[in-house]
Amino acid sequence: MPLSRRLEQARTMPGAPGLRAIEVHPAAWRDLAQDVAAAGGRLLALWGSHASAADREVALVALVPDGAIAATTRLGVSDDCCPGIEDVFPAADRMQRAMYDLTGICSTDPDTRPWLRHAAWPAGVHPLVTRDPPTPPALPVDDYAFVRVEGDGVHEIAVGPVHAGIIEPGHFRFSVVGEKVLRLEQRLGYVHKGIERRFTELPILTAHALAARVSGDSAVAFSWAYCQALEGMTTVRTPPRAAWLRALALELERIANHLGDLGALGNDAGFAFGLMQFMRLKEGLLRATERALGQRYLLDFVVPGGTRVDLTSDGSASLAEYVRALVLEVRGLRDIYDEHAGVRDRFFATGTVAPELAARLGLIGLAGRASAQAFDLRVDLPCEPYESLAVQKCVQHEGDVLARVTARFDELLESLRLVRVILAGLPAGDHVAALRAPTAGSTGIGLIEGWRGPVAVALEAGPDGTIRRCHPHDPSWNNWPVLEHAVIGNIVPDFPLINKSFNLSYSGQDL
Amino acid sequence: MIKTLRQIARVGIVTESPPAADDELRVRDALERHVRQVLGRALCIRQVDAGSCNGCELEIHALGNPLYNVESLGIRFVASPRHADLLLVTGPVSRHMEVALRRTYDATPDPKLVVAVGDCGACGGIFGAGYATLGAVSSVIPVDVVVPGCPPSPTRLLQGILTAISSGRVGPGLHAKRFS
């Protein structure tokens, strides 16, 4: 059945604009996935909910060319497993394994290795079902079945979880010949904090603070997506000024991260000058952000109903001034990066993900756009105020480190333009509206284009202002597996550069 | 190349130098004096993310930017705990990082200092202690100084490091102990 026929029965899902919800029978779950793929759509998120043995549900969010769909399937008591869709959407593999680890809902995915569970809780126990999973008395030691590459001269390099730099923990297993990478296998889950369980212990009106801390570098994106879902479940309309202030915060977050990444990418190519220059600019931006909105990193800025603080006219003026200067600085540094033969040589044709591979594997967000996957929620599914900002989509086709650097420069300059447009057009009025907790059982999904890519938060209210289920989704889920492909055939010393060009979140996917 | 040189000349040195009145700068001044007095050489720090949301790491990164420029104070972030005098640890310690954190601590030569960073490193923060987290860093390894904040600013981090090295737990004996 074509997807358009299925969507005739769809209802509107509260939260993100243009999001339609459908429910299918488990037997039609794979057909649905194939219909989404046939329509040019891609999987964003997949998760499970286990309220009781008789009430188990699997849900997904997919981005389709003219919007987004949220689909659910309710498993009957006689249904053992949910049909796996990892052959249609390879990104589903880890999500299905995580779903089993946390909720006990298995899938027909042949890869049954645990993903988020190492050894902190025993096999067969599921922390979103068992309230108090037993903790093993001895120190947990993980024994994971990595795929072994064999042959003359093949050896393994094991890296992590504690890395050499100031970065998040994870394990990388390289199989190499000489310095050439034959295969990379990732083992993540080291910073699993039980976030989804923690959501159910917090009041629905204050848990935006936890959403902001799913991945600290994407705090605005996650807290906005959370609030978008929550506000959609109520009748309250957030003031226009709040939406514009949130967009300001989201673009400042994007600018800060892009500045940091562009510096780090220069550094990984042996150009320390770039690191120092961009870190100088980033520090200036953080200070201007603090003057304008009260925090260097906006972890507590977006709140249900609006924003925690308003932008002062002083703050607005100093931010506008800094941003104006930043445009010239960034253009100057871009010239230097463009003309530096050594830097370009390291960036060019390194860590390439060709557009066909990117489409097949479902690469999304900034890295996706650098491989011709032209999807940006701010353009394709705009919420207020983005529909009136005319965001320019930044797309590259080469899919190498250079393309991801170019995409960052383009998006950085576009965000600097957006900040100026927002500051000039900021509507007057309140910056926050009072909000009451939604009724039990109501659901909503928020979708926000963070700096890394689309962030989703699915929320279901419980009774008396509680949360029954909340699933935050970082685009790193989708892009980590693609990194394994991006490094094939590259040399080990280029891995840090390739990795940084994606700059994926560990905390955001470990949950 | 000429553009690079021109940029370097145009920007100049932006490191904030220590004239009086500014608290932030006084910290720097005191820190440098302490590092030299107490250690007589550079302070080597190994950062360990033991479950952080990555917010604290962003501010720890900022210590290396040209405005805070900790390398000019004799503070260096090193790639191995075996090279470190001080561990800068963020929390809430996830159970999946417990072994790695203990091993990192054991691999750091004595005498050593531990600074727990952020609200999560201090007490578990918003994540608390649960089936997947142990909460405070001090629930896993001995901690000398705690720097709360979500995330703590680079200035607070510098103050925390200063407090740790002035605690007297490491001192002139550092070299003797390490090489005896």
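Chains as they are written, first to last, in my numbering: chain A, 1 to 511; chain B, 512 to 691. Ideal placement from N, C-alpha and C gives every residue a C-beta, glycine not left out.
Alpha-carbon spacing of residue i relative to residue j, whole angstroms
i        : j        : result
ALA354/A : GLU398/A : 7 Å
GLN96/A  : SER107/A : 6 Å
ARG131/A : ALA51/A  : 12 Å
GLU535/B : THR235/A : A caution first: GLU535/B carries a pLDDT of 45, below 50, which makes its placement in the model unreliable, though a value can still be read off. Cα to Cα, GLU535/B sits roughly 47 Å from THR235/A.
ASP430/A : VAL303/A : 13 Å
PRO472/A : VAL654/B : 32 Å
ARG537/B : LEU416/A : Only weak support is given to the placement of ARG537/B: the predicted model assigns it a pLDDT of 48, under 50, and the value that follows is read from those uncertain coordinates. Going from the Cα of ARG537/B to the Cα of LEU416/A covers about 34 Å.
ARG291/A : PHE174/A : 45 Å
ALA627/B : GLU387/A : 44 Å
PRO438/A : ALA456/A : 19 Å
ILE676/B : ALA71/A  : 56 Å
CYS394/A : ALA370/A : 8 Å
GLY48/A  : TYR337/A : 45 Å
LEU63/A  : TYR506/A : 23 Å
LEU412/A : GLY566/B : 21 Å
GLU512/A : ARG237/A : It is not possible to answer for residue 512/A, since the shown part of chain A is limited to 1 through 511.
GLY682/B : THR307/A : At GLY682/B the pLDDT is 47, less than 50, meaning the model places this residue with poor confidence and gives no usable figure here.
ASN576/B : ILE422/A : 29 Å
GLY41/A  : PRO65/A  : 6 Å
GLU609/B : ASP617/B : 12 Å
ALA145/A : VAL177/A : 21 Å
VAL656/B : VAL648/B : 11 Å
THR200/A : PRO14/A  : 20 Å
ASN490/A : ARG606/B : 34 Å
GLY284/A : GLY562/B : 28 Å
TYR100/A : ILE498/A : 31 Å
Beta-carbon proximity list for residue i, same chain, < 7 Å, skipping 5 on both sides
i        : result
SER583/B : THR526
VAL323/A : LEU416, VAL419 and ARG420
PHE375/A : LEU63, ILE364 and GLY368
ALA33/A  : ILE85, VAL88 and PHE89
ARG613/B : VAL651 and ILE652
ARG197/A : PRO127 and LEU128
Cβ separation of residue i and residue j, assumed to be a contact under 8 Å, to the nearest whole Å
i        : j        : result
HIS258/A : GLY189/A : 28 Å between Cβ atoms; not a contact.
PRO2/A   : ASP55/A  : The Cβ separation is near 31 Å, so there is no contact.
MET279/A : GLY266/A : 10 Å between Cβ atoms; not a contact.
ILE556/B : ALA595/B : 6 Å
ASP464/A : GLN509/A : With 8 Å as the limit, ASP464/A and GLN509/A do not qualify as a contact, their Cβ atoms being about 32 Å apart.
LYS623/B : LEU597/B : 7 Å
TRP121/A : PRO127/A : 6 Å
ALA211/A : TYR226/A : 4 Å
PRO662/B : GLU570/B : 5 Å
PRO603/B : LYS180/A : Not confirmed; about 39 Å, so no contact.
LEU426/A : ARG241/A : 7 Å
Residue-level contact to chain A via CB, residue i, 9 Å cutoff
i        : result
GLN558/B : yes
ALA573/B : yes
GLY641/B : yes
LEU668/B : no
ASP534/B : Below a pLDDT of 50, predicted positions are generally treated as unreliable, and ASP534/B, at 47, falls in that range; the measurement from the model is reported next regardless. Cβ-Cβ to chain A under 9 Å: no for ASP534/B.
ILE672/B : no
VAL581/B : no
ILE519/B : yes
ALA553/B : no
PRO659/B : no
Contact with chain B by residue i, beta-carbon distance below 9 Å
i        : result
THR135/A : yes
PRO203/A : no
ALA120/A : yes
SER507/A : yes
ASP132/A : yes
LEU366/A : no
PHE502/A : no
PRO496/A : no
HIS471/A : no
Beta-carbon proximity list for residue i, same chain, < 6 Å, skipping 5 on both sides
i        : result
THR402/A : According to the sequence provided, residue 402/A is Leu. The question's Thr does not apply to it. Closer than 6 Å at the Cβ level, and outside the excluded window around LEU402/A, lie PHE347 and PHE348.
CYS81/A  : CYS106, SER107 and THR108
PRO592/B : ARG557, THR615, ALA618 and THR619
Near the ligand PLP: residue i beta-carbon under 8 Å from a heavy atom
i       : result
ALA10/A : Here there are no bound small molecules, and the ligand PLP is not part of this structure.
Contact set for residue i: own chain, Cβ-Cβ below 8 Å, skip 5 residues either direction
i       : result
THR12/A : LEU19, ARG20 and ALA21
Q.
Tell me which residues of the stretch 265-294 of chain A have at least one Cβ-Cβ distance to chain B shorter than 8 Å, keeping chain order.
A. The stretch 265-294 of chain A vs chain B, Cβ under 8 Å: PHE273, MET276, GLN277, MET279, ARG280, LYS282, GLU283 and LEU286.
Q. Going along the stretch 207-231 of chain A in order, which residues come within less than 8 Å of chain B, judged by CB to CB distance?
A. Hits within the stretch, in order: ALA209, LEU210, ARG213, VAL214, SER215, GLY216, ASP217 and ALA219.
Q: Note down, in chain order, all residues in the stretch 161-189 of chain A with a beta-carbon under 8 Å from any beta-carbon belonging to chain B.
A: Near chain B, meaning a CB-to-CB distance below 8 Å, the residues of the stretch 161-189 of chain A are PRO161, VAL162, ALA164, GLY165, ILE166, ILE167, GLU168, PRO169 and GLY189.
Q) Closer than 8 Å, Cβ to any Cβ of chain B: which residues of the stretch 385-402 of chain A, in chain order? A) Residues passing the 8 Å Cβ filter: none.
**Q.** Where the stretch 628-656 of chain B meets chain A: residues whose CB sits under 9 Å from a CB there
**A.** Flagged, chain order: CYS631, GLY636, ILE637, PHE638, GLY639, GLY641, TYR642, ALA643 and THR644.
Q: Compile a chain-ordered list of the residues in the stretch 602-623 of chain B whose CB is closer than 9 Å to at least one CB of chain A.
A: Of all residues in the stretch 602-623 of chain B, only PRO603, SER605, ARG606, HIS607, MET608, GLU609, VAL610, ALA611, LEU612, ARG613, ARG614 and THR615 place a beta-carbon less than 9 Å from a beta-carbon of chain A.
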